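Participant: Below are the structure tokens for one structure; questions will follow.
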Amino acid sequence: MAKVTGPLFSLDASGKFADSLVFAKWKGINTVRQYAHPTNANTAKQQAVRKAFTAASALYQSLLGTDKDAWKVRASGQPMSGYNVFMGIAVQILTQMRAFTLLNNVAIDNITSSSAQIKLTANEDGQATIYYGTTAGSYTNSIDVDLVQDSEISAALNDLESATNYYFRIVQNAIVLAAPENLAVTVKRTARTTLYGYKVTALSSAGDTLPCAEVTVNDGNELLDETNYNSLSWDPVENAIQYAVYRSSSDSDPATTGKIALITETGLNDTGLAAEGDEPGANTALDHQGESGDYSFVTL
């Protein structure tokens with residue numbers, strides 16, 4: 003049906019139209035099939051959802067046939083397809099984090115009466131868990147594995163019952179960014195006897211890491227300015243989008259502590275920058291997460 007933004011005809015007058023259509027005013031609306039333009043169709047949130055949907059769909063298309071079948075098994079008993087289950091999980095993760103961990107090319111090998119070997123490839127690093135049991139979706143056992151980006155890994159399921167149908171699912175819970183390392187603070191120009199301390203956090207799109215260990219200097223100038231300042235540097239954190247710098251200690255001017263900068267660079271000069279806000283108390287810098295469908299095999 004075509005969408006129009008203006009009235010097709012007026013209903014100000016009730017009656018017959020061409021001796022066939024009888025119409026009348028309805029709830030004060032005097033137009034037919036008028037299409038309303040959506041407001042704020044390009045908000046940042048809507049754009050993020052569309053971007054996540056596009057990325058998730060591309061990830062699903064890259065799955066092998068057996069991996070798509072596993073998502074169909076996972077969708078069993080639900081009023082939706084394996085594709086829809088995958089998309090629901092992946093889009094939710096991609097709207098919050100940098101990446102969805104795609105668990106692909108899953109294979110079962112070396113099946114015996116009491117064991118089986120699971121092989122898989124992931125597009126991200128980090129620890130994951132293989133949950134397994136005799137009922138799909140209800141898993142009573144698990145083992146941890148370490149994913150290596152774009153490399154095949156294998157894990158053994160042991161102490162299985164013979165001639166038994168087993169199911170398994172691979173889950174990687176949210177992996178967070180690491181705090182910055184090797185923070186260095188150098189006093190520039192006039193060295194005095196004032197103590198200053200600093201910490202740095204890394205940020206993902208979801209939040210902050212915990213601060214790195216505090217680094218202090220005892221020979222700072224009593225007044226920080228454009229001439230006498232403390233120069234900071236630290237190592238970059240993979241996948242970080244920004245860094246928050248905190249002045250955590252100060253014995254002089256400025257005496258305030260708190261966040262002094264939010265930057266993309268890995269260095270900063272504290273020239274007496276204004277400080278405000280508390281350091282984060284938990285690592286909320288979520289980076290990536292993922293799950294697989296449900297696979298099965300039968301022991302000998």
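Just remember that our numbering sits 2 ahead of the position in the sequence shown, which is counted from 1.
Here a beta-carbon is modelled for each residue, glycine too, at the ideal position from N, C-alpha and C.
All values reported here derive from a predicted model rather than from experimental measurement.
What does the Cβ neighbour count give for LYS53, buried or exposed, with the cut at 16 atoms within 10 Å?
Facilitator: Answer is exposed; the Cβ neighbour count stays below 16.
Participant: By how many angstroms is the C-alpha of GLU183 removed from the C-alpha of PRO238?
Facilitator: Answer to the nearest angstrom: the Cα atoms are 8 Å apart.
Participant: Taking DSSP as the reference, what is the three-state secondary structure of VAL150?
Facilitator: Of the three classes helix, strand and coil, the one that applies to VAL150 here is coil, per DSSP.
Participant: How far does the alpha helix (DSSP H) with ILE95 in it reach, from first residue to last?
Facilitator: Note, ILE95: alpha helix (DSSP H), 84-96.
Participant: For the alpha helix (DSSP H) containing THR68, name the first residue and the last one.
Facilitator: Its alpha helix (DSSP H) spans residues 67-77.
Participant: Could you compute how far the alpha carbon of ARG171 sits from the alpha carbon of SER294?
Facilitator: C-alpha separation (whole angstroms): 6 Å.
Participant: Closest Cβ-Cβ distance between VAL187 and chain C: below 9 Å?
Facilitator: Absent from the structure: chain C. Only one protein chain is present.
Participant: From the DSSP output, in three-state form, read off ARG52 for me.
Facilitator: Helix at ARG52.
Participant: Taking the alpha-carbon of THR268 as reference, which of SER117, ASP296, VAL247 has the nearest alpha-carbon?
Facilitator: THR268 has its Cα closest to that of VAL247, out of SER117, ASP296, VAL247.
Participant: How many angstroms separate the CA atom of VAL24 from the CA atom of ARG100?
Facilitator: In this prediction, VAL24 scores a pLDDT of 49, lower than 50, which makes its location untrustworthy; the coordinate-derived value is nonetheless stated afterwards. Using only the alpha carbons, I get a separation of about 56 Å.
Participant: Run the CB neighbour count on LEU65, radius 10 Å, all protein chains shown included, and call it buried at 16 or more, exposed below.
Facilitator: Per the 10 Å Cβ criterion, buried.
Participant: Give the straight-line distance between the Cα atoms of SER115 and ALA284, rounded to the nearest whole angstrom.
Facilitator: Taking the straight line joining both Cα atoms gives about 45 Å.
Participant: Starting from ARG249, follow the beta strand (DSSP E) in both directions and report where the run begins and ends.
Facilitator: 244-252 is the extent of the beta strand (DSSP E) around ARG249.
Participant: Could you tell me the distance, in whole angstroms, from the CA atom of ILE95 to the CA atom of ALA263?
Facilitator: Approximately 28 Å between the Cα atoms of the pair.
Participant: As an exercise, report each continuous beta strand (DSSP E) stretch of at least 3 residues that is fully enclosed by the region 194-221, in chain order.
Facilitator: The region 194-221 contains these whole beta strand (DSSP E) runs: 196-205.
Participant: Between the Cα of ARG191 and the Cα atoms of GLY135, LYS47, ALA72, ASP272, which residue gives the shortest distance?
Facilitator: For the residues GLY135, LYS47, ALA72, ASP272, the minimum Cα distance to ARG191 belongs to ASP272.
Participant: Mark MET3 as exposed unless 16 or more other C-beta atoms lie within 10 angstroms of its C-beta, in which case mark it buried.
Facilitator: The predicted position of MET3 is uncertain, since its pLDDT is 48 and thus under 50; a value taken from the coordinates is nonetheless stated next. Exposed, because fewer than 16 other Cβ atoms sit within 10 Å of the Cβ of MET3.
Participant: Taking the CB atoms as reference points, tell me whether ILE110 and TYR245 lie closer together than 9 Å.
Facilitator: No; because the gap between Cβ atoms is not below 9 Å, this pair is not in contact.
Participant: Assuming TYR141 and PHE299 form a contact by the criterion Cβ under 8 Å, report the distance between their Cβ atoms to the nearest whole angstrom.
Facilitator: In fact, because the Cβ distance is near 14 Å, the residues do not count as touching under 8 Å.
Participant: Return the bridge partner residues of ASN125 from the DSSP annotation.
Facilitator: Per DSSP, none; premise fails for ASN125.
Participant: Looking at the ligand NAD, does it come within less than 8 Å of ASN285, judged from the CB to the closest heavy atom?
Facilitator: Here there are no bound small molecules, and the ligand NAD is not part of this structure.
Participant: Cα separation between GLN119 and LEU234?
Facilitator: Approximately 49 Å between the Cα atoms of the pair.
Participant: Using CA atoms only, rank isn't needed, just tell me which of ASN230, ILE243, VAL93 is closest to ALA204.
Facilitator: If we check each option's Cα against that of ALA204, ILE243 comes out closest.
Participant: Among THR137, ALA60, GLN49, which has the Cα closest to the Cα of GLN98?
Facilitator: Nearest option by C-alpha distance: GLN49.
Participant: Please report the residue range of the beta strand (DSSP E) in which GLY292 lies.
Facilitator: Note, GLY292: beta strand (DSSP E), 288-293.
Participant: DSSP three-state call for ALA57: helix, strand or coil?
Facilitator: It is helical.
Participant: Using a Cβ-Cβ cutoff of less than 8 Å, which residues in the same chain neighbour LEU185 once the five nearest sequence positions on both sides are dropped?
Facilitator: So the qualifying residues of the chain are TYR200, LYS201, VAL202, CYS214, ALA215, VAL217, LEU234, SER235, TRP236.
Participant: Whole angstroms is fine: what's the gap from GLY67's alpha carbon to TRP73's?
Facilitator: So the two alpha carbons sit approximately 10 Å from each other.
Participant: For LEU149 and GLY128, which I take to be in contact (beta-carbon distance under 8 Å), what is that distance rounded to the nearest angstrom?
Facilitator: About 6 Å; that satisfies the 8 Å criterion.
Participant: Count the other C-beta atoms from every protein chain shown that fall within 10 angstroms of the C-beta of ARG249, then say buried if there are 16 or more, exposed otherwise.
Facilitator: Label assigned to ARG249: buried.
Participant: For PHE19, count neighbouring C-beta atoms within 10 Å of its own C-beta (all shown protein chains included) and say buried if the count is 16 or more, exposed if not.
Facilitator: The predicted position of PHE19 is uncertain, since its pLDDT is 49 and thus under 50; a value taken from the coordinates is nonetheless stated next. Classification for PHE19: exposed.
Participant: When you compare each of LYS261, GLY274, LEU288 to ASP280 by their alpha carbons, which one comes out closest?
Facilitator: Per the Cα distances, LYS261.
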